[in-house]
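Asks:
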Amino acid sequence: MAQAATIGAAALLGGYAFLAPSAPSAAPSAPAQLRGAPPQPRQGSAAAPMAGAFACVAAAAAVSRRSEASTACRAAAVKKKGVKVVHGKEIPWNLFTPKAPYPGKVIANDVHPQTLTEQTGDPNWETCHVTFDHGGKVPYIEGQSIGVIAPGPDKKGETPARIRLYSIASSAVGDNQDSKTVSLCVKRVVEVDGQHANREKGEDKPDKAGTAYPDNKVYRGVCSNHICDMSPGDDVMITGPTGAEMLLPEDPDANIIMLATGTGIAPMRSYCRLLFHDDAGASSDGARKFKGTAWLFMGVPYSKSLLYDDEHQAYKKSFPDQFRYDYAVSREQKNAAGQKMYIQTKMAEYADELWELMQDEKTHVYMCGLKGMESGMAECFGPIAEKAGKDWAEFAKAMKKADRYHVEVY
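In C-alpha cells form, the structure reads like this:
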C-alpha cells in the first residue's frame, strides 16, 4: 500500500527499545537501518521521511525560496499517517484499517508447533502459535498488537466479523528474523452448555485439533477458532499495528518484571526474543545490549497449559544472572498455607526482593492477562508497602505516572 511507503523506514521505530534520539546536525547522514523496518530508501528518494523541523527552518532561510521548499516545510508540521509519536519517537500505527486490511498468508512456523498445549479435559484447552507472512508491509515493535478480521458471522451476526485485537507474540523481526512475519499466541475459546451458544446440540463439528461436543450446546469464539483452525497457505486479513501501553523502555540497564496469565505471555515472549535471542538485540561484539534483569511470572491452570517453557529454560541456561522465571499452576500447586498457586501467591514468596527491585527507578512492571492481576498485586504488596510507610495504591499510581507500570488486561 502507498500508506506504508509514505512514512519511510526511519519513521518506523521497529527498534524502539534501547534507541536514544540523536541530536540533529547540519548535514545529517543516512539513518541506520532500524530493526523491524523495511529497507531504507536513499535520502533523496520520494519515500524518505522528512528531516524534521530544523530542515524546514534551513529551507525557509535559503536564498532560493522555491514553492516546493515551502510545501516541504508545511508538510513537516502535518501529522503523519501511519505513525504515532510516543515519548518523542515515531512508531508504526494503524497502517491497515478494518476497511483496508492487509491480506497476509499463514505460514508454517519452524520454531513451534501450531498447538502449544496438551489436552487437559477442559473444552478450551488449546492454545496455538500461528505465524503470518506480511511481506514486510506491517512493521511493528515489541509490545504492540494487530487485529484479525474473521469471515464471521460474529455474535451480532455481522459478516465479516468485527476485528479482534491480539497482542503480538513475536519480536519486531519476527520468528524468522527477516522482518516479514508476525506471530500470535491465541487460545481457542470453547464454552459448553454456557450462557451463549452458536452451535445447537448436534451441530458442533471437530476442530483442527479434533475436539468436538456434538451432544452439547456450544459457543466457539469466532476469531479465536478462525485463527486456531488455520493452515499454511490460508489467507488472513490483518489490521494495525496499534498499542503504546506495553512498549519496552529504552534504557539497556532497565529491570523488567513480567506478569502473564495464559496468552498474556504474548508480549513477554516478544520482549524476551529481543532481549535474549534475536540478532537485533546483540551488539557488534556479540554481547547482548540488554544489561538489566528480566523476571517472568506466569500463571496457568495446568502444567500442560504452560507456554514457551522451552524458550524460558534456554534463556535461564544462557543468561542465569539476567533472566528468572517462576510459574504458578493454580490447579496443581499450593503454597505452604494450602492456598491455590496464583501469580500473586507465587510473587508473595519473593515479596521482599520484588519490593526492593521496584524501588529502583529503572524497574518496569508489565502485566498482561486477566483483569484480577492488578488486585493480586495489591494483595501481594499492600502489606509490605504499609510496613515501609507507603500506600500501595499511591505507589502503583506513581509508577504509572513515571511510565514504569504497564497494564493490558482483558
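In terms of mature numbering (1 follows the signal peptide of the UniProt record, and there is no 0), the sequence shown is residues -17 to -1, 1 to 393. Where a beta carbon is used, it is the ideal one built from N, C-alpha and C, also for glycine.
(1) Tell me whether glutamate 174 sits in a helix, a strand or coil according to DSSP, three-state version.
(2) Looking at C-beta atoms only, is the number of pairs between the segment 264 to 282 and the segment 238 to 255 that lie closer than 8 Å three or more?
(3) Touch check for the segment 159 to 169 and the segment 104 to 118: three-plus C-beta pairs under 8 Å?
(4) Ordered along the chain, which non-local residues of its own chain (more than five positions away) have a Cβ less than 8 Å from that of asparagine 92?
(5) Lysine 191: which of Ser253, Pro215, Phe79, Leu258 sits nearest, CA to CA?
(6) Please report the distance separating the alpha-carbon of glycine 130 from that of proline 224.
(7) Please say whether proline 284 and arginine 252 have beta carbons closer to each other than 9 Å?
(8) Glutamate 391 by DSSP, collapsed to three states: which one?
(9) What does DSSP give as the partner residue(s) for tyrosine 310 in the beta ladder?
(10) Under the assumption that valine 173 contacts asparagine 199 (Cβ atoms under 8 Å), give the Cβ distance between them as a whole number of angstroms.
(11) Can you tell me whether valine 68 is buried or exposed, with buried defined as 16 or more other CB within 10 angstroms of its CB?
(12) For the beta strand (DSSP E) containing alanine 297, list its first residue and its last residue.
(13) For alanine 52 and glycine 126, I'd like the C-alpha separation in whole angstroms.
(14) Counting pairs of beta carbons, one from the segment 372 to 381 and one from the segment 224 to 233, are three or more of them closer than 8 Å?
(15) On the criterion of 16 or more Cβ atoms from any shown chain inside 10 Å, does glutamate 369 qualify as buried, or is it exposed?
(16) Measure the beta-carbon distance from glycine 185 to tyrosine 202 and round it to whole angstroms, keeping in mind my assumption that it falls under 8 Å.
(17) What would DSSP say about proline 143, mapped onto helix, strand or coil?
(18) Alpha carbon to alpha carbon, how far is arginine 145 from serine 207?
(19) Any idea what DSSP makes of proline 235, helix, strand or coil?
(20) When DSSP labels each residue in this structure, what does methionine 251 get in the three-state scheme?
Replies: Inspection of the coordinates gives the following:
(1) strand
(2) yes
(3) yes
(4) His112, Val113, Thr114, Asp158, Ser166
(5) Pro215
(6) 7 Å
(7) no
(8) strand
(9) Met281
(10) Contact flag wrong, Cβ pair sits at about 10 Å.
(11) exposed
(12) Note, alanine 297: premise wrong, no beta strand (DSSP E); alpha helix (DSSP H) at 292 to 301.
(13) Residue placement at alanine 52 is poorly supported in this model, since its pLDDT is 45, which falls under 50; the coordinates are not used for a value here.
(14) no
(15) exposed
(16) The pair is not a contact, with the Cβ atoms about 15 Å apart (cut-off 8 Å).
(17) coil
(18) 12 Å
(19) coil
(20) helix
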